[in-house]
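**Q** 208 is the number of the first residue of the sequence shown in our numbering; add one for each residue after it.
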Amino acid sequence: MKSFCSGLVLFASVVSLVLALFPLNAASGIWVEDFTTKQFCNSINTTAWWDTVAGELRLLPFEANIVGSYDTPGVALGIAVDGDYAFVADRSFGLHMVDISDPTNPVLTGTYDTPGNAFDVVIDGDYAFVADNFTGFTILDISDPVNPTLAGTYEGPNLGQGLAKSGNYVYLACGSFGLIVIDVSDPTLPGEVGSYDTSGDAQDVAVHGDYMFVADLYEGLTVFDISDPTTPDSVGNYNTPNAAYDVVISGDHAFVADNITGLVVVDISDPINPSLVTNFSGAGVIRGLSISGDCAYVAERLTGPRILDISDPANPTVLDTVETPDIASKITVQGGYAYVADGASGLQVIRIAEPVLPPLPAGDVPPVIGPFAVTVDGNYAYLGERGVGIRVVDISDPTNPIAVGSYDTDGYSWNMAIAGDHGYLADGWGGFKVIDISDPTSPTLVGSYPTIGLQDNDVAVAGDYAFVADYDAGLYVIDIRDPTSPDSVGNYAPPGTAWGVAVAGDHVYVAHGSAGLIVVDVSDPTNPALAGSYNTPGDATDIVIAGDYAYVADGSAGLQVIDISDPTNPTLAGSHPSPGFSMGITVVGDYAFMGAFDSGFVVIDISDPTSPTLAGSYDTPGRSRGVAVAGDYLFVADDGGGGLQVFQVFERSVDRLNNTAQSLALHASGTINNIRLIPSQTDSIQWEVSADSGIHWQDIPDTSWQGLTYPGDELMWRATLHYSQAGVYPSCSSLEIELEGGIVSVVIGNFGARALDSGVELIWDIAADEEIRGFRIYRHAGARGEAELINSVGLIPPEERRYIDDTVHEGQFYRYVLSVVTNDGSEILSQAVPVNIKAYALILHQNYPNPFKPATTLSFTLPENMQANLSIYNLEGKLVRTLLDEPLEAGFKELSWDGKDNKGNPVSSGVYLYRLKAGKKVLTKKMVLIK
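#1: Considering only the alpha carbon of each residue, which of Ala-261, Lys-245, Val-314 lies closest to Asp-278?
#2: Would you call the segment 681-698 and the segment 650-660 touching, i.e. three or more CB-CB distances under 8 angstroms?
#3: Count the C-beta pairs between the segment 889-908 and the segment 846-864 that are closer than 8 angstroms, then say yes if the count reaches three, no if not.
#4: Rounded to whole angstroms, what's the CA-CA distance from Val-967 to Ser-1066? Just pull it up for me.
#5: Excluding the five sequence neighbours on either side, which residues of its own chain have a C-beta within less than 6 angstroms of the C-beta of Ile-820, listed in chain order?
#6: Under the three-state reduction of DSSP, which class applies to Val-274: helix, strand or coil?
#7: For Met-1134, which of helix, strand or coil comes out of DSSP?
#8: Just the C-alpha distance for Asp-846 and Tyr-544, rounded to the nearest angstrom, thanks.
#9: What three-state label does DSSP hand Ala-521 in the structure shown?
#10: Since Arg-508 and Val-492 are thought to touch, with beta carbons under 8 angstroms apart, how far apart are those beta carbons, to the nearest angstrom?
#11: Could you tell me if Phe-341 is buried or exposed, where buried requires 16 or more neighbouring beta carbons within 10 angstroms of its beta carbon?
#12: Rounded to a whole number of angstroms, what is the C-alpha to C-alpha distance between Gly-823 and Ala-835?
#13: Quick one: residues in its chain with C-beta nearer than 6 angstroms to the C-beta of Gly-1164, no 5 flanking neighbours on either side, listed in chain order?
#14: Distance check for Asp-920 and Ala-234, CA to CA, integer angstroms please.
#15: Output the residue ranges of the beta strand (DSSP E) runs that lie fully inside the segment 991-1045 and measure 3 residues or longer, sorted by chain position.
#16: With DSSP as the reference, label Gly-762 as helix, strand or coil.
#17: Looking only at its own chain, which residues have a Cβ that is under 6 angstroms from the Cβ of Ala-1061, when we skip the five neighbours before and after it?
#18: Please determine, among Ile-750, Pro-352, Ala-736, the residue with the shortest C-alpha to C-alpha distance to Gly-720.
#19: Contact defined as beta carbons within less than 8 angstroms: I believe Ala-358 pairs with Pro-394. What is the distance between those atoms, to the nearest angstrom?
#20: What did DSSP end up calling Gly-489 once you bin it into helix, strand or coil?
#21: State yes or no: is the C-beta of Gly-301 nearer than 8 angstroms to some heavy atom of the ligand MN?
#22: Kindly indicate which residue of Ser-299, Ala-551, Ile-1044, Ala-757 has the alpha-carbon position closest to the one of Tyr-716.
#23: What is the residue span of the beta strand (DSSP E) that Leu-515 lies within?
#24: Based on DSSP bridge pairs, tell me the residues matched to Leu-1120.
#25: Would you tell me roughly how many angstroms separate the C-alpha atoms of Asn-881 and Trp-924, rounded to the nearest one?
#26: Looking only at its own chain, which residues have a Cβ that is under 8 angstroms from the Cβ of Asn-776, when we skip the five neighbours before and after it?
#27: Within this structure, are the beta carbons of Val-853 and Ala-960 separated by less than 9 angstroms?
#28: Specify the secondary structure class of His-987 as computed by DSSP and reduced to three states.
#29: Which class does Ile-557 belong to by DSSP, given the choice of helix, strand or coil?
#30: Helix, strand or coil for Val-710, going by three-state DSSP, please let me know.
#31: Taking 9 angstroms as the cut-off, decide whether the C-beta atoms of Thr-318 and Gly-301 are in contact.
#32: For His-874, tell me which candidate among Ile-1035, Asp-519, Ile-475 has the shortest Cα-Cα distance.
#33: By alpha-carbon positions, which one of Leu-946, Lys-1100, Asn-272, Ile-1003 ends up nearest to Leu-526?
#34: Roughly how many angstroms lie between the CA atoms of Leu-779 and Ser-814, to the nearest whole one?
#35: Roughly how many whole angstroms lie between the Cα atoms of Gly-762 and Gln-368?
#36: Give the DSSP-derived three-state secondary structure of Ala-234 in the structure shown.
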């Protein structure tokens, strides 16, 4: 809403009133914009959010959208992503492997028709583990994604629904048969070693440390102690309101997909006594979900996947909904994309975040001495800090991290791996330690093992084993089945110094200093053996595995990307230099984040692993060593003065790219020579004005008076909202404009339209600082129809504020524009206001344009809420394209057809029929496509 003061005269709209009382002279004016109406918002040239409800100008919420898809032949029920591949459990058509190196263009690479119906899939190393309903369980060798082969099968209870893998065991949810534990240490000979007949119907399972959480349908969430996987023991239960289909663990919470109840959040800090945190029906009807950072991604079956903010688990909120073509069953997240198993529509790829480049500083925790490494789990970051031990930082608000606990070890703490309630610590010369972190504010030592090398540098955990990089003593394999009594069961010590370690399937990958990459076969953990190696040009200090690639922080040689599709023969795929000595590395989606010691850290685009490119960098105050990413934030262990440094590297809250707002022209009674803007804003907004209707723009750097280089009498302003600080979003609640040399003379304060039985009633109000001749009203039929003047005989008198249009047609959609005609004959136009005319019967409108090339718009009007199907047919009656098939509310509807069939192929020119079926009625019209 706006108000305008000239002299002592105040004009305002009838909607609301804003007073701007300032001393004025006869040649000056004040205009106040408080963003409560879009009357002067230039929607064509505005991308930021003119939020009339909040009364703010601000960035739009980030809008997730489908960017790619692959239509599998069956019904996609399960999904897993590993590196550049998505693995789709496609029911009776088995497993489909899809190349997603370009998420906007997924490409099928291979398939395997499993013996049963593929319901779910988990990937580990070179193997896909498939819950294969009607036969049980199938393991596929996917080392060659183009030609997957059968590795092994288990033909137990035939209701394999969902599964999880931990170490050498797969936990298979088998519906009414309960739970089966399968030993997969030899993938070619999987065998049952344990079972438990749950009281419900086991649908899916999640493993967290020594506990397993089962979505047990109408029995809710059941908790098992699996410290001995061969004898799972039921220790707790929370009976959810409806039917538990899926469960994901994050920190001390279990998030349960509970069908029509929506999302059920359960506190599992005491696994024996799980308790309700909240039931959130706003999640919709869900049977699958995934967690990433502070967001839950739920597979909503009626409207499509929903994105929920779970930063406060007790109060989830809906951030966005994405409508997919069919019924979403499962969803998983990697980097900035969510991958959806969408029933009959196969794989759908949704963009859920944009990278923030360059990274934005968000928060920090000063060092005690200096951290070497950082590990993130849930709402906590664990710093390995020399001379201090482990420091625990609460990162529930990443912009305000707070140190909350510590444990002073006797060594020189480096990296820690976390599994369940335990942290497994490489404690430098203090050896290997196990820390109980069930209470993160008070970590305690529960076990240790005295390795013999100079210093333990890194540790990775897989199932029952911890793999420790122990400098000159090489790789240790430590049995951690009893965390209070860890014991070494194997060692492999090639020449050189072991710095970093990562596990994928049966192989451990060691960053081995000057020896480069060492690949160790640990299929028999008691007898680790060399499988392959690649001598990198620098000093390998850290490593991370993503799909078929190992990403190595290689000291002075920067990033080395190694192809490990054949672990026995690693080869160089690509590389990228670093400004400093490369130390720690992590990979998220298309980006590698790497510590560069005294040069801060770098962000490298690895969307093409063979040709990495620099995407961003930041020179931290200290020496960047370890890095970790959780949600939207990068956490950097910044030795030498920086402590813990936090940066925002992804954005899924607001749309930073659509950040410009622009006004329509305001007509002034004289030439504007000088102007002053006084905004009420947060963060950084760049303001510009134009006095010649947008031909020339001039920057307004501050709130002082500015002389205009190009004076004029058509005033416009625009704002560019710069997102410059993590967690602080630019916004403006009011903009005061002061003018010298010209006055905005006519303001359309309100213009509205409503349908009557006899036509459309139009009502308006204006504020004018000069006499006007009268009004015209223009009408557009449909969303894109040409404007027609409806008061064609003379002007509507200047004193009138109401007009009835009695020439409307039933079932039509119109847009009206009010024109104020000034004394010089010029017109000041309002924005268009829409109105739907009620239909008393089903109406199918003629397409527009017709004939058309290459696209046309189809529209229809429903007299009441009903199921509607709009489809395209050729003259032979064969279906070409289904544009719509869903329940709709009454009113005018409009869709476009791009001249393509259901497979996305362009059709030939000719005559086509478009048919509307709504309720029991069918209407058909013809249209002509030309080339």
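We put the beta carbon where it would ideally sit given N, CA and C, even for glycine.
Just so it is clear, the structure is predicted and the values come from calculations on it, not from any experiment.
**A** Once the coordinates are examined:
#1: Val-314
#2: Output reads yes: the segment 650-660 touches the segment 681-698.
#3: no
#4: 21 angstroms
#5: Here residue 820 is Thr; the residue named in the question, Ile, does not match the sequence. Its chain contains Asp-812 as the residues whose beta carbon lies nearer than 6 angstroms to that of Thr-820, once the 5 sequence neighbours on both sides are disregarded; these appear in chain order.
#6: strand
#7: strand
#8: 32 angstroms
#9: coil
#10: 5 angstroms
#11: exposed
#12: 16 angstroms
#13: No information on residue 1164 is available, as it lies outside the stretch 208 to 1138 that the chain covers here.
#14: Caution applies to Ala-234, whose pLDDT of 35 falls short of 50 and renders its modelled position unreliable; the value that the coordinates give is listed next. If I take the Cα positions, the gap works out to 13 angstroms.
#15: You should have 994-996, 1009-1012, 1020-1029, 1034-1036, 1040-1043.
#16: strand
#17: The sequence shown places Pro at residue 1061, not Ala. Excluding its 5 nearest sequence neighbours in each direction, Pro-1061 has C-beta neighbours in its own chain below 6 angstroms: Gly-1106, listed in chain order.
#18: Ile-750
#19: Rounded, the Cβ-Cβ distance is 5 angstroms, consistent with contact.
#20: helix
#21: The ligand MN is not among the ligands present in this structure, which contains no ligands whatsoever.
#22: Ala-757
#23: 513-516
#24: Tyr-1080, Lys-1133
#25: 14 angstroms
#26: Gly-739
#27: no
#28: strand
#29: strand
#30: strand
#31: Remark: C-beta atoms of Thr-318 and Gly-301 approach each other more closely than 9 angstroms.
#32: Ile-1035
#33: Asn-272
#34: 16 angstroms
#35: 46 angstroms
#36: In this prediction, Ala-234 scores a pLDDT of 35, lower than 50, which makes its location untrustworthy; the coordinate-derived value is nonetheless stated afterwards. If DSSP states are grouped into helix, strand and coil, Ala-234 belongs with coil.
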